[in-house]
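Trainee:
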Amino acid sequence: MKIFPVLVLVISAFSFTGSATPIYWYHFCSNVSGNSVFVTNRNNLVSDLSNATVHGGFYNTTVGQNPNIVHGLFLCRGDLNPENCQNCVKLITSDVSQRCPNQTGGLIWYDQCMLHYSDTFIFSTMELEPKVVLVYNNMDIMEPDRFKQVVATVVRDVAIRASNASLGAKKFATEEATYKPPFLTVYSRYHY
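The sequence shown runs -20 to -1, 1 to 172 under mature numbering (1 follows the signal peptide of the UniProt record, and there is no 0).
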């Protein structure tokens, strides 16, 4: 189960807005169930993550020993203040046992933060699955090929900007482009 980088693409006539309450987007659970020791370790890990939001919007930890070890992390959106990050992490950690009750791996995304846990080592590892691109478009596109070109450009540009952040900076960027007609703005947000 691989997740990084996480790309979120929003296509609409509206700009990004910061909601006070985090909005659920998506979750993915492994198809392997853990035993009761693993689930206890997972619950302890989730509790540790919930209490660790003072670490600048990102934190990772490990609980237990093989074969019931659990690695986990959370990542808040790069433009969130500490209070909103903490609120999102509290919400997402309370959601784990309902979305992935006893699975050995899980990912949960809200608009402001994400949580990932696994029985395999996930830190400092490029992960490619699952691939999730969330797209919102409430308009008909008259020239789909040209529109795809605009989307590809904005996605490439935002990924480059996020990955080129200075050492120690948050790997986060937003980008927008205009598709004409019908004067549609394409918004892209990238966490790396």
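Ideal Cβ placement from N, Cα and C applies to all residues, glycine included.
With DSSP as the reference, identify every bridge partner of Ile49, one or two as the case may be.
Mentor: None, per the DSSP bridge assignment.
Trainee: Which residues bound the beta strand (DSSP E) around Val12?
Mentor: From DSSP, Val12 is part of no beta strand (DSSP E); its letter is neither H nor E.
Trainee: Among residues of its own chain, excluding the 5 on either side of Ser30, which ones have a beta-carbon nearer than 7 Å to its beta-carbon?
Mentor: Excluding sequence neighbours, Ser30 sits near Val69, Lys70, Thr73.
Trainee: Counting pairs of Cβ atoms below 8 Å between the stretch 72 to 86 and the stretch 128 to 142, do you hit three or more?
Mentor: Contact fails: fewer than three Cβ-Cβ distances are below 8 Å.
Trainee: Do you know offhand how far Leu158's Cα is from Ser13's?
Mentor: Contrary to the premise, residue 158 reads as Thr rather than Leu in this sequence. Rounded to whole angstroms, Thr158 to Ser13 spans 46 Å at the Cα level.
Trainee: Do you know whose CA, among Thr41, Phe54, Val17, lies nearest Asn48's CA?
Mentor: Measuring from the Cα of Asn48, the nearest candidate turns out to be Val17.
Trainee: On the DSSP letters alone, give me the boundaries of the alpha helix (DSSP H) that Val166 sits inside.
Mentor: Counting along the chain, Val166 falls outside any alpha helix (DSSP H), though it belongs to the beta strand (DSSP E) covering 164 to 171.
Trainee: Is Val43 near the ligand HEM, with its Cβ less than 7 Å from a heavy atom?
Mentor: The ligand HEM is not part of this structure, which contains no ligands at all.
Trainee: What separation, rounded to the nearest whole angstrom, lies between the Cα atoms of Pro162 and Phe54?
Mentor: Approximately 38 Å, taken between the alpha carbons.
Trainee: Quick check: Ala142 and Phe127, are their CB atoms within less than 8 Å of each other?
Mentor: Contact: no.
Trainee: If you run the structure through DSSP and keep just helix, strand and coil, what is Glu63?
Mentor: Helix.
Trainee: With DSSP collapsed to three states, give me the class of Cys68.
Mentor: Cys68 falls in the helix class under three-state DSSP.
Trainee: Name the one or two DSSP bridge partners that Glu156 has.
Mentor: Tyr167.
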